[in-house]
Amino acid sequence: MGKGRAACCDKSKVKKGAWSCEEDLRLITFIQKHGHQNWRSLPKQAGLLRCGKSCRLRWINYLRPDLKRGNFTPQEEDTIIKLHQSFGNKWSKIASHLPGRTDNEIKNVWNTHLKKRQLIHSEAKLDDSSCAYNSPSSTSVLSHANTIIHEKEEAKRSCSSSYNINASSSSLSNLSQVEIISSPKIVDMDWIFQFNEEPNNYLELTRVLPDDGIIEIPLESCDHVDIWDMLDIMDPPLQTGQWT
DNA sequence: AAGTGTTCCAACCGCCTTTAG
DNA sequence: CCTAAAGGCGGTTGGAACACT
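The opening position of the first sequence corresponds to residue 145 in our numbering, with each subsequent residue numbered one higher.
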C-alpha cells in the first residue's frame, strides 16, 4: 500500500458531471437485478465509467424509487425548521424524519429557502420586540409574509422540470431494450424500458402487471421527456423503507 | 436582443466513521 | 488491537436557468 488514503477510483478514467439517461438506466437496471452490496465494484459490473461514490450518490439522491419527487410542503418545511433547531446541520438525521427526502435535498432547501426565511423571521421578531407600539397583528403579518414567500417559491419551482431525458441521443441506440425486473422485495414494480428507433427514436415505458398483462405507454416523439412525471402517473404507492 | 447578475440544485470533494480481515 | 477499504456525511462548487437592466 502507498502512503495516505488510496483514491476511491482512478479519476482519470471516470466520467464526471451530469448523468445521462443511459447511465441512469444502467444503474437502475443493475441495482434492481443485483442490489448494491459493493459500490466500488458496482460501476465496473454495471458497465459505468463512474466512481462508486458517484453511483451511490446518484442512486440515493435521485434514482431510488421511494423518493418523493415533488416540492416540499409547508408541513415538511416546518418540520425541517424544527429539526434544524434541535440537530443543527445534521442533514442525514433530519432526513431520517422525512421519509422520501434526502439529506442533500434538505440541505439545498435549507440553504436556498429556509435559511433566508428564518432570517426574515428573526429580523421581524427583533423589530417586533423592539417596537414600543407592539401591534397586535404583527404575528399575522409575519405568517402572511411567510405564506407569500412560500407561494412565490412554490410557483417558481413548479415551472422548472427537474429531469429530462434526451430520447434522441445516439448513445441510446446500443441499449435497445433494458428490462427492469423487480427484486423479491419489490412487489408490483416490473418495468421494461424500451427504445424504439423508428420513426424518430423514442422512449417507450412498459409496465408488466401481475394480472392484467402489459400496459404500453408510448411517449411522444420529442427530444425531452420528463421521466419522473411518467413514473409518477404509473407508480404504485411505494412503502417507505423498501429500498433502504 | 444582449449582457450581467442572481438563484438553485446536482454533483463533487475530502474528512470522519464503520467494517472486515 | 491495527490497518486499509468502503460507506456516510456535510461543505462547497459549477453551470444551467432565470431575472433584471
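Built from N, CA and C at the ideal position, the CB exists for glycine as well.
These numbers come from a predicted model, not from an experiment.
Helix, strand or coil at residue i [DSSP, three-state]
| i | result |
| --- | --- |
| P218 | helix |
| K300 | Confidence is the limiting factor: at K300 the pLDDT is only 46, short of 50, which leaves the residue's position unreliable, though a coordinate-based value still follows. DSSP places K300 in helix when its eight states are reduced to three. |
| Q189 | helix |
| L242 | coil |
| W183 | coil |
| D210 | coil |
| K234 | coil |
| V158 | coil |
| C153 | coil |
| S164 | coil |
| R200 | helix |
| R170 | helix |
| R194 | coil |
6 Å CB neighbourhood of residue i in its chain, flanking five on each side removed
| i | result |
| --- | --- |
| N205 | T246 and N248 |
| S252 | Here residue 252 turns out to be Asn, not Ser, going by the sequence shown. The answer is none, since no qualifying residue turns up. |
| I172 | L207 |
Neighbourhood of residue i by C-beta distance below 7 Å, restricted to the same chain and skipping five residues each side
| i | result |
| --- | --- |
| G196 | C152, C153, W183, R184, L186 and P187 |
| D168 | L207 |
| L258 | E221, I224 and I225 |
| D356 | Residue placement at D356 cannot be trusted, given a pLDDT of 36 that sits under 50; the coordinates are not used to answer. |
| C199 | L171, W183, L186, P187 and L192 |
Residue burial classification, residue i (beta-carbon count within 10 angstroms, cutoff 16)
| i | result |
| --- | --- |
| L227 | buried |
| L430 | In the structure displayed, the chain extends from 145 to 388; residue 430 sits before or after that span and is not available. |
| S230 | exposed |
| S236 | exposed |
| A190 | buried |
| N318 | Legend: pLDDT at N318 = 35, less than 50; position of this residue unreliable, value from coordinates given subsequently. It is exposed - the Cβ of N318 has fewer than 16 other Cβ atoms within 10 Å. |
Heavy atom of the ligand GDP within 7 Å of residue i beta-carbon
| i | result |
| --- | --- |
| R200 | The model depicted lacks the ligand GDP and carries no ligand whatsoever. |
Nonlocal neighbours in the same chain, by C-beta distance under 8 Å from residue i, ignoring five residues either side
| i | result |
| --- | --- |
| V158 | P187, L193, R194, C195 and S198 |
| I250 | I224, W235, I238, A239 and L242 |
| P328 | Because P328 sits at a pLDDT of 30, beneath the cut-off of 50, its placement in the model cannot be relied upon, and the following sentence gives the value as read from the coordinates. The answer is none, since no qualifying residue turns up. |
Report yes or no: do three or more beta-carbon pairs, one from the region 227-240 and one from the region 207-216, lie closer than 8 Å?
no
Taking contact to mean 3 or more Cβ pairs, one atom from each stretch, closer than 8 Å, check whether the region 168-182 and the region 217-233 are in contact.
no
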